[in-house]
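Worksheet for the structure shown next.
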Amino acid sequence: MILTGEKEFYKGIGPVPFEGKESDNPLAYKHYNPEQRVMGKSMREHFKFAVAYWHSFCGQGGDPFGPGTQQFPWDQSSDPLQRARDKADAAFELITKLGFDYFCFHDVDLVDEAESLLETEKRLHHMTEYLAEKKKASGVKVLWGTANCFSNPVYMNGAATNPDFKVVARAGAQIKMALDLTMALEGENYVFWGGREGYMSLLNTDMGRELDHMAQMLTMARDYARAQGFKGTFFIEPKPMEPMKHQYDFDAATAIGFLRKYGLEKDFKLNIEVNHATLAQHSFEHELTVAANEGMLGSIDANRGDHQNGWDTDQFPVNLYEVTEAMLVFLQSGGLQGGGINFDAKIRRNSTDLEDIFHAHIGGADTFARALLTAEKIITSSEYSRLREERYASFDSGKGKDFEKGKLGLKDLAKIALEEGTPHRISGKQERYENLINQFL
Ligand code: XLS
Ligand code: NI
Ligand code: NI
165 MILTGEKEFY
175 KGIGPVPFEG
185 KESDNPLAYK
195 HYNPEQRVMG
205 KSMREHFKFA
215 VAYWHSFCGQ
225 GGDPFGPGTQ
235 QFPWDQSSDP
245 LQRARDKADA
255 AFELITKLGF
265 DYFCFHDVDL
275 VDEAESLLET
285 EKRLHHMTEY
295 LAEKKKASGV
305 KVLWGTANCF
315 SNPVYMNGAA
325 TNPDFKVVAR
335 AGAQIKMALD
345 LTMALEGENY
355 VFWGGREGYM
365 SLLNTDMGRE
375 LDHMAQMLTM
385 ARDYARAQGF
395 KGTFFIEPKP
405 MEPMKHQYDF
415 DAATAIGFLR
425 KYGLEKDFKL
435 NIEVNHATLA
445 QHSFEHELTV
455 AANEGMLGSI
465 DANRGDHQNG
475 WDTDQFPVNL
485 YEVTEAMLVF
495 LQSGGLQGGG
505 INFDAKIRRN
515 STDLEDIFHA
525 HIGGADTFAR
535 ALLTAEKIIT
545 SSEYSRLREE
555 RYASFDSGKG
565 KDFEKGKLGL
575 KDLAKIALEE
585 GTPHRISGKQ
595 ERYENLINQF
605 L
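Right, here's the structure in full:
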């Protein structure tokens with residue numbers, strides 16, 4: 165059901181229909197057919213697509229060289245609460261017209277931050293009631309909430325990892341507030357992205373102590389939320405750098421090691437973002453695989469980077485080859501644990517029409533849908549799975565199996581190697597695998 169507020173913001177745009185790949189209607193899905201079943205689940209259930217509040221309704225296209233270019237009609241009132249309500253109206257209108265079921269937010273995306281934390285909390289309280297009603301009327305849900313502990317200048321030296329305890333306490337207060345807000349809106353998960361949890365210079369930084377503090381904060385947040393009855397999953401969103409020179413949740417492997425060290429691995433999983441993976445010199449599918457191997461593939465922030473430059477450009481996903489490789493991991497690991505696909509992406513600075521945000525999300529959803537269908541075909545009707553299994557067949561019986569079972573020692577290996585002589589070369593067949601994606605697209 166489409167939910168418009170008093171004013172309709174995206175005038176002239178109705179609900180986005182699925183019209184199939186022959187359609188040339190730019191405001192229709194060509195591949196994302198929510199009810200279509202793929203390997204036992206509908207696309208809607210596989211993806212749980214979410215709109216990111218910050219990019220779609222707050223960010224106005226500003227960059228380090230100039231102010232925002234996008235003028236939002238919901239941003240007109242001089243009263244911050246009225247502005248926030250208009251913004252919420254726009255958000256529910258966009259989400260329901262797209263036919264999505266979810267959104268994600270930071271606390272201060274919902275309403276402008278006030279001078280004091282207390283005043284911000286009052287404003288958020290007001291917005292919680294407003295949003296709860298809109299949720300009820302539309303059926304739209306919260307995939308995850310989070311606290312923005314990186315924009316306010318008070319966090320310039322970090323939040324939970326700040327060397328000043330007063331700032332750490334302030335971050336704790338803000339995280340508590342964001343947790344309360346997420347729970348009040350029945351959020352299914354809660355995210356920690358360590359925006360400024362890292363360092364600009366190691367010369368002035370006690371890294372070990374800061375990491376202990378970060379773990380302490382996560383432990384306190386978990387204990388608080390669980391005591392309030394929160395059943396959802398906490399996600400760490402790894403990113404190697406930006407805004408800090410180095411961020412502690414560098415990549416999936418680093419975050420998993422950290423969670424295990426501090427005994428947080430039962431409550432926390434990972435939220436993998438495409439452009440963060442590439443910033444860490446990994447591929448998206450690499451990060452997904454690392455998380456999936458540990459049973460920690462919780463959620464995805466969908467976007468893409470730019471091959472010519474090295475920052476978090478947060479563009480909408482369009483790369484079918486990249487996303488198909490990701491969907492192979494996704495399907496083979498049984499999908500996401502609790503999370504969904506959040507479009508953590510923004511339209512370009514010179515995309516200034518209100519309808520551009522529709523084109524962006526339609527393109528993103530279609531890219532994931534087409535990639536999912538391609539991955540399904542590769543898995544179910546190509547030689548892909550058999551080829552991969554055969555590559556490891558030498559461990560399925562005999563001495564190879566004994567090795568896997570831990571029945572051999574290094575001396576045994578040496579004896580086997582001497583008996584067997586120099587192994588034959590077995591081709592890795594990379595090009596044959598690579599061609600499968602094009603074949604099934
Ligand atoms: C920034 C992050 C951020 C998180 C939420 O790079 O992607 O948007 O997803 O704080
Ligand atoms: Ni993100
Ligand atoms: Ni990001």
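Every letter in the sequence shown is one number past the one before it in the numbering used here, and letter 385, counting from 1, is 549. A virtual CB, placed ideally from N, CA and C, is assigned to each residue, including glycine.
Am I right that residue i and residue j are in contact with their C-beta atoms under 8 angstroms? What's the rounded C-beta distance?
i, j, result
"Val-487", "Thr-531", "5 angstroms"
"Ala-296", "Ala-348", "7 angstroms"
"Ala-529", "Asp-478", "About 17 angstroms; that fails the 8 angstroms criterion."
"Glu-277", "Asn-316", "7 angstroms"
"Arg-360", "Tyr-294", "The pair is not a contact, with the Cβ atoms about 30 angstroms apart (cut-off 8 angstroms)."
Report yes if the CB atom of residue i is closer than 7 angstroms to the CB atom of residue j, and no otherwise.
i, j, result
"Phe-432", "Ile-464", "no"
"Asn-353", "Thr-397", "yes"
"Tyr-363", "His-290", "no"
"Asp-470", "Glu-406", "no"
"Ala-324", "Val-331", "no"
"Ala-214", "Cys-268", "yes"
"Ile-521", "Ser-302", "no"
"Ile-436", "Glu-451", "yes"
"Thr-442", "Gln-234", "no"
"Trp-218", "Asp-273", "yes"
"Ala-337", "Cys-313", "no"
"Asp-413", "Ala-444", "no"
"Ala-524", "Phe-567", "no"
"Val-438", "Phe-422", "no"
"Ser-545", "Leu-600", "no"
"Ala-216", "Phe-507", "yes"
Can you give the Cα-Cα distance for residue i and residue j, rounded to whole angstroms?
i, j, result
"Ile-339", "Val-275", "16 angstroms"
"Val-493", "Lys-593", "19 angstroms"
"Ala-466", "Leu-577", "45 angstroms"
"Phe-236", "Gly-225", "11 angstroms"
"Phe-182", "Ala-455", "32 angstroms"
"Gly-504", "Asn-514", "29 angstroms"
"His-210", "Glu-489", "16 angstroms"
"Leu-375", "Val-355", "18 angstroms"
"Ser-497", "Arg-552", "15 angstroms"
"Tyr-597", "Ala-557", "18 angstroms"
"Glu-257", "Met-371", "45 angstroms"
"Phe-264", "Asp-560", "44 angstroms"
"Thr-310", "Leu-345", "9 angstroms"
"Ile-166", "Leu-461", "32 angstroms"
"His-377", "Arg-424", "15 angstroms"
"Val-202", "Gly-585", "47 angstroms"
Check your understanding: Is the segment 238-252 touching the segment 528-545 in the sense that three or more CB pairs, one from each, lie closer than 8 angstroms?
Key -> no
Review point. Relative to ligand 2, what is the chain-ordered list of residues with a Cβ closer than 5 angstroms to any of its non-hydrogen atoms?
Key: Glu-437, Asp-465, Asp-508
Review point. Would you say the segment 416-435 touches the segment 379-396, given that touching needs at least three Cβ pairs under 8 angstroms?
Key: yes
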